[in-house]
Amino acid sequence: MEPLAPGDPASAGPYELVGRLGAGGMGRVYLGRDTAGRQVAVKVVRAELAEERDFRRRFAREVKAARAVDGRYTAAVLGADPDAPTPWLATAYIPGPSLTDHVADHGPMGEGELRRLATGLTHALAAIHAAGLIHRDLKPSNILLAADGPRVIDFGIARAAEASALTRTGATIGSPGYMSPEQIDGRPVQPSSDVFSLGAVLAYAATGRSPFGAGATPALLYRVVHNSPDLAGVPAALLPLITACLDKRPEARPTIPQILATVVPPATVAPTVAEHTGTRVATRTLPAAAPVLSRRRVLAAGGVAAVAVTAAVAAPALLSEVRNRTGMKRGGPRPVNTRQPRVAWKMVTETDTGGVAASVDVDTVFVVRREGDYVLYGLDPTTGAQRWTWTSPTKINGIVEDQGMIFVSAGSRIHAMDGRTGNRAWSARLSTSVFGASSEGVVGWDADADTPTLAFLNRKDGDRRWTYRAGAGADTTGISVSGMVVAFNDHAVAGAVQHLHTVDVTNGHKRWLFTAATALGSPLALGQQVFVGESGSFHSLDASIGTVGWTAPFGQNTAPPVTDLLSVYVIDRSGGTLHALDAVTGVERWKFEGRELRGVWGPVNDTVYLAGSDVVYALAAQTGHPVWSHHATGPQQVVAAKAATVGVVCFTGGIRTLYGLQP
Numbered sequence: 003m004e005p006l007a008p009g010d011p012a013s014a015g016p017y018e019l020v021g022r023l024g025a026g027g028m029g030r031v032y033l034g035r036d037t038a039g040r041q042v043a044v045k046v047v048r049a050e051l052a053e054e055r056d057f058r059r060r061f062a063r064e065v066k067a068a069r070a071v072d073g074r075y076t077a078a079v080l081g082a083d084p085d086a087p088t089p090w091l092a093t094a095y096i097p098g099p100s101l102t103d104h105v106a107d108h109g110p111m112g113e114g115e116l117r118r119l120a121t122g123l124t125h126a127l128a129a130i131h132a133a134g135l136i137h138r139d140l141k142p143s144n145i146l147l148a149a150d151g152p153r154v155i156d157f158g159i160a161r162a163a164e165a166s167a168l169t170r171t172g173a174t175i176g177s178p179g180y181m182s183p184e185q186i187d188g189r190p191v192q193p194s195s196d197v198f199s200l201g202a203v204l205a206y207a208a209t210g211r212s213p214f215g216a217g218a219t220p221a222l223l224y225r226v227v228h229n230s231p232d233l234a235g236v237p238a239a240l241l242p243l244i245t246a247c248l249d250k251r252p253e254a255r256p257t258i259p260q261i262l263a264t265v266v267p268p269a270t271v272a273p274t275v276a277e278h279t280g281t282r283v284a285t286r287t288l289p290a291a292a293p294v295l296s297r298r299r300v301l302a303a304g305g306v307a308a309v310a311v312t313a314a315v316a317a318p319a320l321l322s323e324v325r326n327r328t329g330m331k332r333g334g335p336r337p338v339n340t341r342q343p344r345v346a347w348k349m350v351t352e353t354d355t356g357g358v359a360a361s362v363d364v365d366t367v368f369v370v371r372r373e374g375d376y377v378l379y380g381l382d383p384t385t386g387a388q389r390w391t392w393t394s395p396t397k398i399n400g401i402v403e404d405q406g407m408i409f410v411s412a413g414s415r416i417h418a419m420d421g422r423t424g425n426r427a428w429s430a431r432l433s434t435s436v437f438g439a440s441s442e443g444v445v446g447w448d449a450d451a452d453t454p455t456l457a458f459l460n461r462k463d464g465d466r467r468w469t470y471r472a473g474a475g476a477d478t479t480g481i482s483v484s485g486m487v488v489a490f491n492d493h494a495v496a497g498a499v500q501h502l503h504t505v506d507v508t509n510g511h512k513r514w515l516f517t518a519a520t521a522l523g524s525p526l527a528l529g530q531q532v533f534v535g536e537s538g539s540f541h542s543l544d545a546s547i548g549t550v551g552w553t554a555p556f557g558q559n560t561a562p563p564v565t566d567l568l569s570v571y572v573i574d575r576s577g578g579t580l581h582a583l584d585a586v587t588g589v590e591r592w593k594f595e596g597r598e599l600r601g602v603w604g605p606v607n608d609t610v611y612l613a614g615s616d617v618v619y620a621l622a623a624q625t626g627h628p629v630w631s632h633h634a635t636g637p638q639q640v641v642a643a644k645a646a647t648v649g650v651v652c653f654t655g656g657i658r659t660l661y662g663l664q665p
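This note's numbering runs 2 ahead of the 1-based position in the sequence shown.
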């Protein structure tokens with residue numbers, strides 16, 4: 003972000019503008035704040051464009067169209083005024099780098115990361131197309147990588163498909179190197195035009211360069227229309243898909259269902275530690291199939307939103323049909339890899355697991371030791387070397403990491419710190435040991451309240467934004483926080499019935515209750531999904547309204563699940579098995595049986611880490627096949643994994659020792 007420059011507006015509608023985020027053909031984008039301090043992205047239209055009647059008409063249509071898009075992978079519209087002297091549009095602020103910046107900083111993506119990106123972008127296009135729109139400018143700089151998945155932004159040139167006459171005779175709108183040939187030629191465009199752009203974006207993410215090279219705009223446009231793309235370096239498994247997306251002929255490009263069937267691998271079965279086990283396919287509770295041209299809700303992968311799509315795009319019920327039609331096969335068993343990682347370093351912590359956390363974003367492990375006072379260490383996860391320390395005279399109750407920041411509960415206060423340096427940003431009163439964080443702030447159970455009460459602290463300054471009295475039945479031993487809701491279990495109803503209770507994270511208002519007949523496991527809220535298990539079933543729920551997206555038969559879930567953009571990884575403690583369930587459909591993709599499984603962590607670098615009573619497993623996220631295992635004394639917990647070096651940091655509960663593994 004850049005500071006405001008002389009001449010920049012101080013506000014747009016009710017939003018205070020605090021800095022520059024970027025600029026585009028329509029105007030400049032600012033970081034703004036609403037009256038409650040919530041961050042938003044505000045697009046302010048250039049003055050010369052605002053004077054053009056045709057442009058104002060286009061912009062009014064853009065606002066209407068953007069409001070119609072229902073998707074987890076797009077930035078939600080929060081407000082707009084097309085009729086203002088200077089028109090503006092406010093959307094949710096998405097913290098995270100653009101795909102352009104991510105590739106520049108970290109290099110091309112591997113196959114697993116590329117599949118997750120493709121899954122998210124495909125669901126975003128499904129939502130856009132379902133609203134009757136074509137994006138027309140999908141490119142790396144218009145894709146932000148948030149903690150829970152990619153977001154497609156900047157609908158500045160999106161048009162309702164039936165309104166495309168506005169641009170048929172005008173100048174070509176789009177970005178050289180990512181526009182489709184038909185868009186360059188001025189021909190009418192269909193959703194297949196966005197599929198071409200998707201192929202170009204995926205090629206860029208896989209190789210670090212545009213598939214049509216660099217140079218002057220006329221040369222780029224010529225190559226897109228006449229030359230074959232340069233796809234050297236694209237992972238072999240995804241090369242046919244990306245090649246097909248970049249076909250010059252719109253009708254030859256794959257459809258959204260075909261893309262999803264390719265980027266989401268078919269279900270496979272992983273071997274157990276001792277022997278191979280068969281596949282168990284989850285049954286699902288789904289609504290009846292939608293008729294042609296009707297809308298239905300589809301749960302996108304990995305803690306992502308429900309998107310409204312027409313029958314032309316991939317409803318969950320169609321995914322298995324598409325897989326069968328395209329001939330995709332189920333994987334078979336592989337031999338167990340017995341490779342053992344080495345222990346690179348150890349540190350006796352004298353703390354429980356509540357005093358251990360980690361950040362992949364800033365590549366740091368955080369751990370508490372009692373040395374008279376309580377000392378918080380920031381450690382290099384590869385070597386165990388000390389980076390910084392922070393001392394508290396009162397007991398440190400817990401640590402939560404979110405997007406490079408850490409929030410430390412010590413005594414009756416929460417301290418916000420930069421995970422890289424340990425520098426403290428703010429300190430606020432909240433006595434809690436059970437809390438979570440999101441891009442908006444910190445939520446925790448207030449131990450000083452006379453009844454179970456949630457308190458929300460603003461991420462920027464620690465100001466208390468809201469409190470919520472949950473009632474005597476609330477389970478104050480657990481909480482899950484997303485950008486939408488705070489989820490916790492509630493035992494207020496007598497007997498065996500339990501509730502999953504959700505509160506709106508932005509205002510503290512009650513959202514919905516999910517009622518179960520048996521004991522509920524720990525919930526996981528992420529994006530617009532909430533996952534929770536009960537005895538015999540595991541559910542995916544819509545975070546907005548609590549409706550069931552799918553239900554899979556299950557044993558007993560008590561440990562918190564984890565998710566990526568493809569699967570939900572959840573432990574069945576009744577059978578000692580880790581299950582990978584398709585996040586879109588609930589169908590089991592693979593399972594792995596281990597010894598007294600305690601927790602699952604990740605995925606990072608396409609690897610899921612699984613902790614048992616005396617062993618740590620590394621499993622391939624796509625197949626469940628073991629990569630390595632490490633045997634130790636006492637119950638284990640995985641707390642960190644480095645994507646760059648595949649270094650893993652674990653915690654041994656019995657002797658309270660933190661240690662780093664190097665495979």
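Backbone N, C-alpha and C define an ideal beta-carbon position, used for all residues, glycine too. As the structure is a computational prediction, the values presented were derived from the model and not from experiment.
Check for me: the alpha helix (DSSP H) holding residue i runs from which residue to which?
i           : result
residue 198 : 193-209
residue 122 : 113-132
residue 224 : 219-228
residue 184 : 183-186
residue 243 : 241-247
In this structure, how does DSSP classify residue i when only helix, strand and coil are distinguished?
i           : result
residue 304 : Its pLDDT being 25, under 50, residue 304 is placed unreliably in this model, and the coordinates cannot settle the point.
residue 16  : coil
residue 586 : coil
residue 559 : coil
residue 309 : In this predicted model, residue 309 has a pLDDT of only 21, less than 50, meaning its place in the structure is not dependable enough to derive any value.
residue 405 : coil
residue 68  : helix
residue 76  : strand
residue 261 : helix
residue 430 : strand
residue 540 : strand
residue 482 : strand
Taking the continuous beta strand (DSSP E) assigned at residue i, which residues delimit it?
i           : result
residue 152 : 151-154
residue 391 : 388-394
residue 624 : Per DSSP, residue 624 belongs to no beta strand (DSSP E) and is neither H nor E.
residue 455 : 455-460
residue 489 : 487-492
residue 366 : 366-373
Compare the C-alpha of residue i against each of the options and name the closest.
i           : options           : result
residue 45  : 514, 230, 83, 435 : 83
residue 378 : 389, 489, 66      : 389
residue 401 : 211, 438, 3, 372  : 438
residue 514 : 538, 549, 232     : 549
residue 608 : 624, 599, 429     : 624
residue 100 : 473, 29, 146, 136 : 146
residue 501 : 477, 510, 487     : 477
residue 580 : 594, 570, 587     : 594
residue 47  : 66, 221, 26, 38   : 26
residue 678 : 459, 65, 454      : Since the first residue of the chain shown is 3 and the last is 665, residue 678 is not available in this structure.
residue 614 : 51, 436, 598      : 598
residue 450 : 663, 469, 444     : 469
Taking the DSSP output, what are the residues bridged to residue i?
i           : result
residue 515 : 503
residue 348 : 661
residue 595 : 579
residue 3   : DSSP lists no partner for residue 3.
residue 548 : Residue 548 pairs with nothing; no bridge assigned.
residue 45  : 31, 91
residue 146 : 100, 153
residue 569 : 584
residue 610 : 621
Determine the contact status of residue i and residue j, defining contact as a CB-CB distance below 8 Å.
i           : j           : result
residue 413 : residue 380 : no
residue 123 : residue 180 : no
residue 547 : residue 561 : no
residue 343 : residue 630 : yes
residue 626 : residue 592 : yes
residue 22  : residue 30  : yes
residue 116 : residue 202 : no
residue 78  : residue 94  : yes
residue 140 : residue 199 : yes
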